[in-house]
Amino acid sequence: MRKLFTLTTLLVVLSLTIAACAPAATGGEPVIQTVVVTAPPGTPQVQVQVAQAPGFGETLQAVQARGNIVCGVNGQLPGFSFLDPAGEMLGFDADFCRALAAAVFGDATKVEFRPLTTQERFTALQTGEIDVLIRNTTWSLVRDTELGLNFTVTTFYDGQGIMVPADSGFDSLDDLAGGTICVQKGTTTELNLADVMATNNVEYTPAVFDDINATYGAYAEGRCDAVTSDKSQLSSVAKGALPNPDDHVIMDLTLSKEPLGPVVRHGDDQWLDIVKWTIYATIAGEDYGVSSENVDDQLANATNPEIRRFLGLEGDLGLKLGLTNEFAYNVIKLVGNYEEIYNRNLGEGTPTFIPRGLNSLYSDGGLLYSPPFR
Ligand SMILES: N[C@@H](CCC(=O)N[C@@H](CS)C(=O)NCC(=O)O)C(=O)O
0 MRKLFTLTTL
10 LVVLSLTIAA
20 CAPAATGGEP
30 VIQTVVVTAP
40 PGTPQVQVQV
50 AQAPGFGETL
60 QAVQARGNIV
70 CGVNGQLPGF
80 SFLDPAGEML
90 GFDADFCRAL
100 AAAVFGDATK
110 VEFRPLTTQE
120 RFTALQTGEI
130 DVLIRNTTWS
140 LVRDTELGLN
150 FTVTTFYDGQ
160 GIMVPADSGF
170 DSLDDLAGGT
180 ICVQKGTTTE
190 LNLADVMATN
200 NVEYTPAVFD
210 DINATYGAYA
220 EGRCDAVTSD
230 KSQLSSVAKG
240 ALPNPDDHVI
250 MDLTLSKEPL
260 GPVVRHGDDQ
270 WLDIVKWTIY
280 ATIAGEDYGV
290 SSENVDDQLA
300 NATNPEIRRF
310 LGLEGDLGLK
320 LGLTNEFAYN
330 VIKLVGNYEE
340 IYNRNLGEGT
350 PTFIPRGLNS
360 LYSDGGLLYS
370 PPFR
């Protein structure tokens, strides 16, 4: 049933509803509304895209009835989500889709990967075409509110960088004055670039492209002096897709904060909690020293009460999420803890190596921190 979506912002009155309709993935009902939110007198009106809000528990029910999780990914980003020659979706983001399937089904294979472009990603979630978006997507205030979506937990703390040909000798923003910079449309990247260049009074020409191949293709052909994107993407694409990776360098500067992580629709807090606590299970697993290698041993011998609750030996934490008490055990056993997921896809020895940096546990000087499993 279609639910009315309530915006509770103080003093904000919903003044007009215009349904911009598209058939829903399930049920054939309209799925996105554009609403105009009227703020107090004197403040401008704001247009808000509102997803067809699922009610509490509806996403898990739909996922269980279907028998898999439809996970929106990039699909073109080695190290994050990339179709290998055998047709398997590999990568850090893809593994978080699998972790979710492990939590929900006790089977990490129950995922349908849906490759999405930058432009398609939010609509696919709003319309219910996918259950969750795990696609190098930056959390920002506007996306969290206007799109009718909820960002869950940051899985990868990134920042925007600039890549240039190694022989250009460029190492500062000023070196790019008068130059052309390749950037992809519809990204935070495009907006940050404009902000940073304006702040630093550097004149440049943006060359804006619709997709990843066009963006990096133009750069590879020398049509731009530089290309800008999340640093993870720059290193992934440089190493994975440019003909001579060593001919390119990522400049030693960071233009922005890019916290990347899974996104769900507003309205279903149970699903939001499931996604959050699945990610926390991977982080807590690393924190407790519980890995896919030793989890069975821990299951047999753990005495630490928090680890016992985490593994479902005591309490009913999983049941509170609408899952089984083994949900965290399944995540660790079938996919691994955060460190295992990171090392498998982005660790030393992989072609897409990125030093962990901020993506280390809080106890190692990073930003990863799970709330308590109690
Ligand atoms: N994290 C940034 C950038 C994400 C993004 O979409 N980056 C582009 C640049 S490489 C991309 O993934 N493109 C792939 C595509 O559109 O297929 C955001 O959320 O806006």
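When we follow my numbering, the leftmost residue of the sequence shown carries the number 0, and every step to the right adds one. Backbone N, C-alpha and C define an ideal beta-carbon position, used for all residues, glycine too.
query: Expressed to the nearest angstrom, what Euclidean distance is found between the alpha-carbon atoms of methionine 250 and proline 371?
result: Spanning the two alpha carbons is a distance of roughly 38 Å.
task: Look at the Cβ atom of threonine 323, then the Cβ atom of glycine 317, and state whether they are nearer than 8 Å.
output: Contact flag set, yes.
query: Between the beta-carbon of isoleucine 273 and the beta-carbon of leucine 59, is there less than 8 Å?
result: Contact: yes.
field: Close-in-space but distant-in-sequence residues of the same chain around leucine 99 (CB under 6 Å, 5 per side omitted)
entry: Cβ within range, chain order: Ile68 and Thr277.
- request: Tell whether a beta-carbon distance below 8 Å holds between phenylalanine 208 and alanine 217.
  value: Yes, the pair counts as a contact, with Cβ atoms nearer than the cut-off.
query: Among the residues of its own chain, which have a CB less than 7 Å from the CB of valine 294, if the five just before and after it don't count?
result: Result list for valine 294: Tyr328, Ile331 and Lys332, in chain order.
task: Please specify which runs of the beta strand (DSSP E), each continuous and at least 3 residues long, are wholly inside the stretch 89 to 173, giving them in chain order.
output: For the stretch 89 to 173, whole beta strand (DSSP E) runs of length 3 or above, ordered along the chain, are 110 to 114, 148 to 150, 155 to 157 and 159 to 164.
field: Collapsed DSSP secondary structure at aspartate 224 in the structure displayed
entry: DSSP places aspartate 224 in coil when its eight states are reduced to three.
- prompt: What residues are listed by DSSP as bridge partners for serine 369?
  reply: Serine 369 pairs with nothing; no bridge assigned.
task: Ignoring anything shorter than 4 residues or poking outside the stretch 257 to 311, list the alpha helix (DSSP H) runs there in chain order.
output: Complete alpha helix (DSSP H) runs here, min 4: 268 to 287, 294 to 300 and 304 to 309.
query: Going by beta carbon distance, what residues of the same chain come within less than 7 Å of cysteine 223, once the five residues before and after it are set aside?
result: Excluding five sequence positions before and after cysteine 223, the CB atoms of its chain that fall closer than 7 Å to its own CB belong to Thr179, Ile180, Cys181, Ala206 and Ala217, given in chain order.
- prompt: How about valine 201 and alanine 225: are their beta carbons less than 8 Å apart?
  reply: Using a Cβ distance threshold of 8 Å, valine 201 and alanine 225 do not count as a contacting pair.
query: Could you check where the beta strand (DSSP E) with phenylalanine 208 kicks off and where it finishes?
result: Counting along the chain, the beta strand (DSSP E) containing phenylalanine 208 begins and ends at 204 to 208.
query: Is the beta carbon of serine 228 within less than 7 Å of some heavy atom of ligand 1?
result: Yes, Cβ of serine 228 sits closer than 7 Å to a heavy atom of ligand 1.
- prompt: Is it the case that the CB of glutamine 183 approaches a heavy atom of ligand 1 more closely than 7 Å?
  reply: Result yes, Cβ under 7 Å from ligand 1.
- prompt: When the Cα atoms are used, what is the spatial distance from glycine 457 to phenylalanine 326?
  reply: No statement about residue 457 is possible, as the shown extent of the chain runs from 0 to 373 and does not include it.
Alpha carbon of arginine 355 to alpha carbon of arginine 134, nearest angstrom: Rounded to the nearest whole angstrom, the C-alpha separation of arginine 355 and arginine 134 is 19 Å.
query: Which residue's Cα is closest to the Cα of isoleucine 353: Thr186, Gly288, Gly78 and Gly56?
result: Closest by alpha carbon: Gly78.
- request: Give a single yes or no on whether threonine 117 has its beta carbon closer than 7 Å to a heavy atom of ligand 1.
  value: Yes, since a heavy atom of ligand 1 falls inside the 7 Å radius drawn around the Cβ of threonine 117.
query: Any idea what DSSP makes of aspartate 363, helix, strand or coil?
result: Aspartate 363 falls in the helix class under three-state DSSP.
query: Mind checking phenylalanine 112: buried by the 16 CB within 10 Å criterion, or exposed?
result: Counting the other CB atoms within 10 Å of its CB gives phenylalanine 112 a total of 16 or more, which places it among the buried residues.
Nearest-angstrom Cβ-Cβ length linking glutamate 257 and threonine 137, presumed shorter than 8 Å: In this structure, glutamate 257 and threonine 137 form a Cβ contact; the two beta carbons are roughly 5 Å apart against a cut-off of 8 Å.
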